[in-house]
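Step one of this worksheet: look at the structure below.
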Amino acid sequence: MKRSLVMGRSNAGKTLFCIQFARYLGVRDAEWLVERTDGTLERQRISLDTARQLWSGDGQRTRGLHSLMIELPRGKGVRSLWLTDTTGLREDIDESPDLRADMAQTLRAMLESQVILHVVDASAVGRALAEAGRDGSPTGAWGDLDEQLAAFGMAHAGYVLLANKMDLPEARAGLAYLRKRLDKRRVLPVSARCGTGFREVKQHVWRMA
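Put into structure tokens, the structure is as follows:
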């Protein structure tokens, strides 16, 4: 079964996107497969609403890989894939060995996934640009970490960057910056909170499933 990996910095909105996108695709009965760094697997039957309360919001809440099975129509049949939420990545080295192991697990999963959905907080990019001035760069919102993820992803047919939080006013400037940095055909504006932009994401996932 193919994996559609949702990854990016901490607090970019990955978990909320996964939950809202799964709901958009018609998921109602949510059984999650949790993959721990020690190799153990755990199945958790948690509703999408409960998952949002437990795992979404500020802070580093997602630990390990959390996957939902999604079925998409393809011709006269269906194709199945895992929609996988991941531990948020950071540029600095965290003091917690467990968190470092979780981030390493995310990077390994990136190498093995057929679809990579790189979530970036476009509003944070826009705010950082405004603070930096005309000749500055959005340090802290887009940096070496994102450049490296994007460089790997652009050589991967299944990669797209999701410019998230487009419901916030600063996000338009962030989206423009990201489209200049990357192939604009690979940058999709979305709002996980409002559920906008999901049709284009579905089309991308559907093509790769």
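Counting along the sequence shown from 1, when you hit position 207 you're at 206 in numbering that gives the first Met the number 0, and nothing is skipped either side.
A virtual CB, placed ideally from N, CA and C, is assigned to each residue, including glycine.
All values reported here derive from a predicted model rather than from experimental measurement.
Would you kindly report the start and end of the unbroken alpha helix (DSSP H) that includes residue i?
| i | result |
| --- | --- |
| Lys-179 | 170 to 180 |
| Val-189 | Taken as a continuous stretch (DSSP letters only), Val-189 belongs to no alpha helix (DSSP H), as it is neither H nor E. |
| Met-68 | Looking at the DSSP string, Met-68 is not in any alpha helix (DSSP H); the run it does join, the beta strand (DSSP E), is 64 to 73. |
| Thr-61 | First-last for Thr-61: undefined, no H or E at that position. |
| Glu-111 | 96 to 111 |
| Lys-201 | 197 to 207 |
Between which two residues does the beta strand (DSSP E) containing residue i stretch?
| i | result |
| --- | --- |
| Trp-81 | 76 to 84 |
| Ile-231 | For the chain, the structure presents residues 0 to 208; residue 231 sits outside this window and is missing. |
| Leu-88 | Where Leu-88 is concerned, there is no enclosing beta strand (DSSP E), given that its DSSP letter is neither H nor E. |
Below 8 Å on the Cβ atoms is my contact criterion, and I expect residue i with residue j to pass it. Report the Cβ-Cβ distance as a whole number of Å.
| i | j | result |
| --- | --- | --- |
| Val-5 | Val-118 | 6 Å |
| Leu-47 | Ile-69 | Going by Cβ atoms, the distance from Leu-47 to Ile-69 rounds to 12 Å, so no, they are not a contact pair. |
| Ala-29 | Leu-67 | 6 Å |
| Leu-64 | Glu-34 | 4 Å |
| Gly-142 | Leu-88 | About 11 Å separates the two Cβ atoms, so there is no contact after all. |
| Arg-196 | Met-165 | The residue you asked about is not Arg; residue 196 is Gly in the sequence shown. Right, their Cβ atoms sit about 7 Å apart. |
| Leu-181 | Met-153 | 7 Å |
| Lys-201 | Leu-24 | 7 Å |
One question on the structure: do residue i and residue j come within less than 7 Å of each other, judged by their Cβ atoms?
| i | j | result |
| --- | --- | --- |
| Leu-110 | Leu-161 | no |
| Leu-80 | Lys-1 | yes |
| Ser-122 | Ala-170 | yes |
| Leu-144 | Glu-94 | no |
| Val-114 | Ser-9 | no |
| Leu-71 | Ala-208 | yes |
| Asp-101 | Thr-86 | yes |
| Gly-139 | Ala-127 | yes |
| Thr-231 | Thr-61 | A question about residue 231 goes unanswered here, because the residues of the chain that appear run from 0 up to 208. |
| Gly-125 | Ala-172 | yes |
| Asn-163 | Val-204 | no |
| Arg-42 | Leu-32 | yes |
Worksheet item: Where in the region 8 to 42 do unbroken runs of the beta strand (DSSP E), each at least 3 residues long, occur, reported from the N-terminal end onward?
Response: Those beta strand (DSSP E) runs which fall completely within the region 8 to 42 and span 3+ residues are 30 to 34.
Worksheet item: Which runs of the alpha helix (DSSP H), 4 residues or longer, sit entirely within the region 119 to 176?
Response: Taking only runs of at least 4 residues, the alpha helix (DSSP H) segments lying wholly in the region 119 to 176 are 121 to 131, 143 to 153.
Discussion item. Under 8 Å: do the region 175 to 189 and the region 135 to 152 share three or more Cβ pairs, one atom per stretch?
Written reply: Taking 8 Å as the limit for Cβ pairs, the verdict is that the region 135 to 152 does touch the region 175 to 189.
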